[in-house]
Amino acid sequence: MEETISLKEIFETLRKRLSLILILTFTTAAIAAFLSYFIMTPIYQVSTQILVNRNQVGQNFTTNEVQTNIQLIDTYTGIITSSRILEPAIDELNLDLSVNQLKSKISVQSNRNQIMNINVQDPDPEQAVRIANKVAEVFQKEIPNLMNVDNVNILAEAKLTENMGPVKPKPILNIAIALVVGLMAGVGLAFLFEYLDTTIKTEQDIEKYLEIPVLGVINTIDGNFGQAKSSRGRSSRGRK
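Take the position in the sequence shown, starting the count at 1, then add 38; the result is the number in our numbering.
Dropping the structure here:
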């Protein structure tokens with residue numbers, strides 16, 4: 039016979055294990071808050087904008103030339119994070135980083151137009167600004183030698199602002215995710231414990247698990263009741 043679970047049983051299980059669910063939910067949220075505010079290192083991000091365009095002034099551009107510049111952006115993305123660009127940047131900034139370590143801090147973003155963003159993430163916002171601007175500078179200087187073109191200009195340099203906030207960690211988002219995860223884990227454990235709990239507690243459990251009718255119920259008698267009655271009887275006889 040196939041068993042079905044009613045909504046009443048679901049809510050009863052949740053009510054019975056409510057303390058477990060709440061404890062697990064708020065514990066995970068507290069751990070996420072502690073890690074976000076006190077353990078994780080704040081990471082700042084800055085960006086330098088590069089314009090992929092011809093350097094000559096007063097020259098008319100054709101559609102094919104613009105499309106060529108846009109197609110070159112994919113190539114430029116790989117060049118920016120190559121050792122040919124990063125090694126000179128490391129040397130000029132005297133960074134105690136390898137090429138791979140510096141590469142992990144840099145991401146290049148383009149929206150399929152002629153503008154590219156060199157994004158740099160670092161725990162030190164000032165160093166992030168220096169890296170972003172230096173990488174853009176080295177790239178602009180080296181691209182004529184690499185591609186035999188002169189179509190890269192720095193559109194906007196990275197700058198350090200007063201109210202710059204870290205891009206990660208994001209404590210509110212982390213806490214919200216932890217609340218959801220803790221709630222799901224608590225509900226899952228509640229149903230797991232309920233499934234593993236095979237003890238019979240009520241007459242309804244007898245009918246459900248043993249599939250036999252209940253003929254009668256014996257109420258629980260407090261054992262102290264008879265003892266208290268006997269004590270009162272002895273006291274009465276003693277007074278007589």
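We treat Cβ as the ideally placed atom computed from N, Cα and C, and that holds for glycine.
Rounded to the nearest whole angstrom, the C-alpha separation of alanine 68 and alanine 214 is 11 Å. Of the residues Gln242, Lys208 and Ile256, the one whose Cα lies closest to the Cα of isoleucine 250 is Gln242. The shortest CA-to-CA distance from valine 137 to any of Thr79, Lys206, Arg53 and Ile169 is the one to Ile169. A straight-line Cα-Cα distance of about 9 Å links asparagine 151 and valine 90. Just measuring C-alpha positions, the residue of Ser57, Ser44 and Thr79 sitting nearest glycine 203 is Thr79. For the pair leucine 58 and glycine 224, the CB atoms are nearer than the 8 Å cut-off. Using a C-beta cut-off of 8 Å, the stretch 164 to 181 makes no contact with the stretch 50 to 66, since fewer than three inter-stretch Cβ pairs fall below that distance. Within the same chain, Cβ atoms closer than 7 Å to the Cβ of threonine 119 are found at Lys141, Ile144 and Val146, the five residues on either side in sequence being excluded.
Put simply, the backbone Cα of asparagine 201 is about 18 Å away from that of asparagine 157.
Comparing C-alpha distances from threonine 199 to each of Asp188, Phe229 and Glu164 shows the shortest one belongs to Glu164. Here alanine 70 has Asn212, Ile213 and Ala216 as same chain residues with Cβ atoms under 6 Å from its own Cβ, once five neighbours each way along the sequence are excluded. Using a Cβ distance threshold of 8 Å, proline 182 and isoleucine 81 do not count as a contacting pair. DSSP places leucine 62 inside the alpha helix (DSSP H), whose first and last residues are 56 to 72. If only complete runs of 4 or more residues are kept, the stretch 150 to 238 shows the alpha helix (DSSP H) at 163 to 185 and 209 to 234, in order along the chain.
The straight-line gap separating the alpha-carbon atoms of glutamate 50 and phenylalanine 229 is approximately 11 Å. If you check the CB distance, glutamine 83 and valine 167 do not come in under 8 Å.
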